[in-house]
Amino acid sequence: MIGTTLAELRERVERLATDDGSYRVVCGRTGERPVPVATLRFDSRSTARLAVRATEQYRSTLRTYDPRTPRYDLIVCEESDPFGDRALPGAPRPDTDAAVSPVSDDRDSNEGKQRRIEFCHRVAAAVFEALSDGPYDDLETAVVDAYFELAETVDDPDDLCLCLLESLAAEFDARLSPDQQAALLTDAASQLTPVDRSGQPVATALAALQRRGLVGEFSCRSTSIDRANRRRTVQVTLSAYALSVRDGRLPVLPVAVELSRHQPEWSLSGFRVVDAERGWRLVVELGGSEPMSLSTVPVQSP
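Numbers in this note's numbering are just positions in the sequence shown, counted from 1, shifted up by 12.
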């Protein structure tokens with residue numbers, strides 16, 4: 013592990029928060045609310061200042077995994093409307109606390125982007141934490157190099173988090189066996205916040221990805237179950253998948269991590285991907301003894 017983990021730091025910030033607080037943590041230069049305090053409120057200025065310190069530590073740790081993580085001058089602001097949940101106008105001076113009145117903005121869109129960025133960073137950090145426990149220094153270096161190269165092609169900074177996952181997926185596929193991938197991604201999934209495993213795992217995992225802006229509409233149905241050999245397949249149709257095909261392969265690493273969090277009894281063994289007219293058809297394969305690649309998958313023609 014690398015010091016205090018992102019999960020521990022995030023939990024520290026969340027323990028300080030309250031549902032009806034009137035204090036926020038924002039960037040004094042831009043008015044942005046960075047992860048992990050983006051949607052949180054605090055009941056007093058002193059509590060919010062504790063959250064500032066924890067957030068600075070969180071983002072410093074995050075920069076270990078993603079050197080391009082933006083830097084913010086964090087301050088505490090009090091909203092005049094304690095029930096508002098809107099972006100702060102104008103940038104207050106970075107050396108002062110400020111009381112700021114909320115204004116109308118593209119709240120839903122911005123919060124959706126924040127959720128996606130946060131999820132991508134948490135998955136990437138969990139994967140890097142898993143790598144740090146083994147002899148994978150060369151792989152970590154290769155991921156960062158690939159990320160820098162890919163990031164040069166991106167215009168929207170909000171998409172850099174997707175580049176990081178795509179770089180991780182590509183280097184996993186190039187450098188690790190399917191067994192190694194499965195072990196590392198299972199380890200990464202175990203470092204994320206535990207989830208309720210009582211529902212249908214594939215549908216529940218996809219719903220979680222949808223809430224975080226990784227996929228759009230989806231449907232899934234079980235196509236076969238072989239309990240004697242502990243094998244099961246689920247067919248999925250989805251649209252608006254956020255990651256892009258590269259060299260004929262679709263990065264599925266974040267899908268694999270999320271599915272691994274929701275699998276109480278059926279281990280994830282692989283995917284098959286078919287290019288559909290407005291999205292993708294995935295066959296999720298569970299159980300079996302021999303895993304396939306869980307990071308990228310070749311795209312098959314319809």
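C-beta atoms are modelled at their ideal positions from N, C-alpha and C, and glycine is treated no differently.
Annotated three-state conformation of residue 124 is helix, per DSSP. Residue 299 holds the alpha-carbon nearest to the alpha-carbon of residue 238 among 299, 151, 176, 149.
For residue 27, the enclosing alpha helix (DSSP H) has its first and last residue at 18-28. When 50, 28, 26, 261 are compared, the shortest CA-CA separation from residue 37 is found for 50. Assignment of residue 157 by DSSP, reduced to helix, strand and coil, places it in the helix class.
Contact check between the segment 266-277 and the segment 188-200: three or more CB pairs, one atom from each, fall below 8 angstroms, which counts as touching. Taking a 10 Å sphere around the C-beta of residue 203, we find 16 or more other C-beta atoms and assign the residue as buried.
For the segment 184-268, the continuous beta strand (DSSP E) assignments of 3+ residues that do not extend past its boundaries occur at 230-238, 243-250, 261-263, in sequence order. Partner residues in a beta bridge of residue 169, as assigned by DSSP, do not exist. DSSP, reduced to helix, strand and coil, places residue 308 within a strand of the structure shown. Under the 10 Å beta carbon count, residue 240 is surrounded by fewer than 16 other beta carbons and is classified as exposed. In this structure, the beta-carbon distance from residue 261 to residue 311 falls below 8 angstroms. For residue 224, the number of other beta carbons within 10 angstroms of its own is at least 16, and it is reported as buried. When only Cα atoms are considered, residue 305 and residue 232 end up about 21 angstroms apart. Inter-residue distance for residue 75 and residue 60 is about 22 angstroms (C-alpha atoms, whole angstroms). Counted as a single uninterrupted DSSP element, the alpha helix (DSSP H) harbouring residue 68 occupies residues 57-77.
Around the CB of residue 85, fewer than 16 other CB atoms lie within 10 Å, so the residue is classed as exposed. Counting C-beta pairs with one atom in each stretch, the segment 147-155 and the segment 176-186 have three or more that are closer than 8 angstroms, which means they touch.
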